[in-house]
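Chains as they are written, first to last, in our numbering: chain A, 1 to 587; chain B, 588 to 1174.
Positions of the beta carbon are idealized from the N, C-alpha and C atoms, including for glycine.
Note that the structure is predicted; figures quoted are calculated from it, not measured.
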């Protein structure tokens, strides 16, 4: 392809709205353009890279024995009612009424549709195992679309669904996908860490996320450097501390004028935040929009983990109560809630339950209680809960050594669903013993659009993108660094040579653009290799072969350039293939 | 691929809801399954064929110099307001409000989005010409989804958009796409006829549809066997006939009790339907939902062409008035309207204006007027209009010879849009003379999902589908027609041999299915070639190579089977390639 025949609108300016490097670079390199909040058009180079990512995923799914299908984005809301997920998905699910008054939605994921297909065709265990996947556009009405294609309202996803007759077979399907994912991310130039994760609205017992660790990621991961434990902090277990060995002293009310936050109270009373116990009021909404309030107790230096909290209320939604509700329930303005005398149900984190002589709100404006003790000043809740977010330095739930925290981008998620969907929708089969059973399912998702953004986030420098060879819009750029006919002719010759040898090559044939601009564009877009044909080199009878990643330059006679490019590309591909092999081995 | 490792749920029964052969066969061969009205999941075989259709289209677009991009389905309604198409598309456009209260729609086509992209980047004529295309899912809330994937609410479409600096360049872009389309349909095994067509809500002056002629098609085409003229009947011009040379006789009212239709009146009065002039009352809805009624006069043996009628009222919608309106306007029940004494504006088809001594309704129940004459009994409208549908035998508007009618499926549509979108949305460039001008556009659509259905509609027999080699889910099937280990071993060997030579091959390795079922499935799915390994043949030392299209059988030693298959496949491909070359030549 010639630069002048395609459409590569690079930008000199850094777009104001883009905070993440990948977002900025995708706009600047002319890969994408924004249409509206959370929706992007892929321009020619971006689309080439996205298609490469999709083909890479497709090849590995095929290799793993999954079978490709394609399901509609437009879905009748009824099948979501069968699993109760029409409510569980909340506003993320885009719904509308069609001209005939039927309720439709746009698929944010396809468990219901694939289960509907399979229940129509599945009869015998002989048809199992089966793994159906698709690469398809998903729609989610995100509350806050951001970071370009990383969190958008429309994106490309690979979703696979496995169907097995028994747990052993499901475990095998799950492991096969897990290993395929390790290979896929390595092939895309991404180092990923599999972590235990929350299942959220998808459901199921066992699940893992694949995290690309980068400071810009919006997910938090807790990892133990001593053992192999790693988990999303939403999921990470927090072992209960031992009870504080301290003699109870006298509870007293103290004035804390204007001190409503943990920091203000700790400062005012000259105590450590760990000495405080926070009382958070939540509203739980159950079936038929019925609401009740509960109190969550957590140590002052800890944060509530709302994923863990949500698990206490299956099928219901939980959110922080509004100020009016808090005032009604506690009789005090926000900031002064406390458990003593509170008439609603208490849920206490284990660390809060282990506290002694602690400080709480007094359910009265500008006042707190000091030296509060469980059993004496208020009833001890029956159960100690794990309701908090893990922090750096917390003990590893497996080996007890201190955990480290890191940020990451969630690249993929694999779930064992069990019979969550098949039981609800009646997808059964006759087992070998002749009895009908709901089929065991797994589901396996990869954000394909996200692969691009993460690959850029992890592979860029001050000049621009440095693509892994597997995702580069073109693997090699031929650049005429002079407007003289001789340079253009030699460059054109090398371009033609590379094309005839089947290389994936772009020729910057722009005649009205200075070499400096061409160099900047080449670095910005980030082709793994480039051939530069300049006047000075031609005098010496050489052209330059430049490797983007380390800017290493080889000088070669023009006639040897194409062969050298193919050699280096083969090396780059072999490196990636080796990394993929190693990743699969480790998985 | 092995049959037992993929998912091919063929059906013995003919699905009740499917009327068209392609719809029935796509369901029976396990290519698709219905999710809801107008939405279908593609199962493994259907998806393979659809991907082949998409790849075929992609390769030809690339070859024609168009550049691939990918635009969002989710679009802000504002850009549709810029062109006024939010109203023009009517209920076909799916719209909804998102969680932030913004109006969104799902793209039924992408003129607005692509124009938005280009207006952001286009500066100079030096960036032109440019042709951007995508292969993407479209959404349309069809009033009556039917015929499987032929008219569905979600479908795969290839849409290309050209941008040119002047008319000459636009003409070249248009011709390039026109030729590419001729090639594409030939490569898909479809014989198509380009016809002049209506532009509908898309707009623009020049446009052509590519029709696959088949009795099952829902479009009607008028063709002249004497000259090259061909047009959708919606578009086909009807030259005005000469005035009827007949002396006016006395107008008289006659009773026609209960005779309200043309047939009843003609029968009752013993006159030819051509002697009658129908008076149809239409409601025209303009800006701000303002409504008025008009009368359309058309000869009794003709039909109103509502596409032509709509052209009289640009930017307004026209539909047949309801019974209450007709009674109010004419003072008579439906069936007795007439132009004499009518107070609303009359639009008369040329053939109705050429009539003399004609019969019309009397605007009175159970009564008609005979011997009505223009100028004497009612004012002659200023203009003769062409408002009727062409009929078989009508004179060709080019050469005057009688037209023939045929049915067809619209496979593609190409439009010269001119500045319809660029002017409305401000997509301008600086021309060579330094002056800003709106860019000239064209748009070019192909229903990719429709290619599958049409290919099946045109290539099937009593046993099932007979795929063109370019679209077959697999090009060759290896079938073990015996459960004996020897047959399975030989078949497996040929399968392995074909695989290692890169053939696109499926192996029916089912052990628990009778050979008769395998044969029926093979014919139903319609693989172009199949190798049958049976006990009898093996005794003779041969296997059978069967060509699906004509059931021609070659007997071959097993060791020669793979080579023979590759040879025949090469022949089939060469035939298709030759047809494509010829079609492009002719276009």
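The beta-carbon of residue 629 (chain B) is placed less than 7 Å from the nearest beta-carbon of chain A. Contact between the region 434-454 of chain A and the region 139-157 of chain A is established, with three or more Cβ pairs separated by less than 8 Å. Put simply, the CB of residue 670 (chain B) is far from chain A, with every gap to its CB atoms at 7 Å or more.
Counting along the chain, residue 116 (chain A) sits inside the alpha helix (DSSP H) bounded by residues 111-121. For residue 5 (chain A), the residues of chain B that pass the 8 Å Cβ criterion are 652 and 654, in the order they occur in the chain.
For residue 153 (chain A), the residues of chain B that pass the 7 Å Cβ criterion are 661, in the order they occur in the chain. Annotated as distal: residue 545 (chain A) and residue 538 (chain A), with beta-carbon spacing of 7 Å or more. For residue 704 (chain B), the chain A residues whose Cβ falls inside 7 Å of its Cβ are 33 and 41, in order along the chain. For the region 467-501 of chain A, the set of positions with a beta-carbon nearer than 8 Å to some beta-carbon of chain B is empty. The beta carbon of residue 701 (chain B) is closer than 7 Å to those of 658, 719 and 748 in its chain, skipping five residues each way along the sequence. It is roughly 5 Å from the alpha-carbon of residue 808 (chain B) to the alpha-carbon of residue 993 (chain B). Cα atoms of residue 737 (chain B) and residue 1163 (chain B): separation of roughly 23 Å, rounded to the nearest angstrom.
Scanning its chain for C-beta atoms nearer than 7 Å, with the 5 sequence neighbours on each side dropped, one finds around residue 96 (chain A) the residues 104, in chain order. With respect to chain A, the C-beta atom of residue 747 (chain B) has no partner C-beta closer than 7 Å. The C-alpha of residue 986 (chain B) is placed about 41 Å away from the C-alpha of residue 712 (chain B). When the five nearest sequence neighbours on each side are left out, the beta carbons in the same chain lying within less than 7 Å of the beta carbon of residue 564 (chain A) are those of 545, 554 and 556, in order along the chain.
Between residue 871 (chain B) and residue 883 (chain B), the C-beta spacing is not below 7 Å. For the region 87-107 of chain A, the beta-carbon criterion of a distance under 9 Å to any beta-carbon of chain B is satisfied by 91, 92, 94, 95, 96, 97, 98, 99, 100, 102, 104 and 106. In this structure residue 262 (chain A) is buried. Its beta-carbon is surrounded by 16 or more other beta-carbon atoms within 10 angstroms. Judged by DSSP secondary structure, residue 408 (chain A) falls within the beta strand (DSSP E) whose first and last residues are 404-418. In the three-state reduction of the DSSP assignment, residue 851 (chain B) falls in the helix class, which pools H, G and I. Along the length of the region 1049-1127 of chain B, whole beta strand (DSSP E) runs at least 3 residues long occupy 1063-1067, 1092-1095 and 1116-1120, reported in chain order.
Residue environment analysis places residue 814 (chain B) among the exposed positions, since fewer than 16 neighbouring C-beta atoms fall within 10 angstroms of its C-beta.
The shortest C-alpha to C-alpha distance from residue 885 (chain B) to any of B:926, B:763, B:1064 and B:615 is the one to B:926. Counting C-beta pairs with one atom in each stretch, the region 52-66 of chain A and the region 459-468 of chain A have fewer than three that are closer than 8 Å, which means they do not touch. The three-state reading of DSSP puts residue 349 (chain A) in strand, counting E and B together. In the three-state scheme derived from DSSP, where H, G and I count as helix and E and B as strand, residue 302 (chain A) is classed as coil. Among the residues facing chain B, residue 141 (chain A) is included, as its CB has a counterpart in that chain under 7 Å away. One Cα belongs to residue 514 (chain A), the other to residue 11 (chain A), and the distance between them is close to 16 Å. When the Cα atoms are used, residue 942 (chain B) and residue 733 (chain B) turn out to be separated by approximately 40 Å.
Sorting B:686, B:680 and B:688 by C-alpha distance to the C-alpha of residue 99 (chain A) places B:680 at the top. Using a Cβ-Cβ cut-off of 9 Å, residue 36 (chain A) is close to 659, 661, 662, 663, 665, 666, 689 and 691 of chain B, given in chain order.
Secondary structure of residue 1012 (chain B) (DSSP, three-state): helix. Take residue 961 (chain B), set aside five residues on each side of it, and the residues of its chain with a beta-carbon closer than 7 Å to its own are 940 and 967, in chain order. Look at residue 121 (chain A): its C-beta is under 7 Å from a C-beta on chain B. Chain-order list of chain B residues neighbouring residue 132 (chain A): 594, by C-beta distance under 7 Å.
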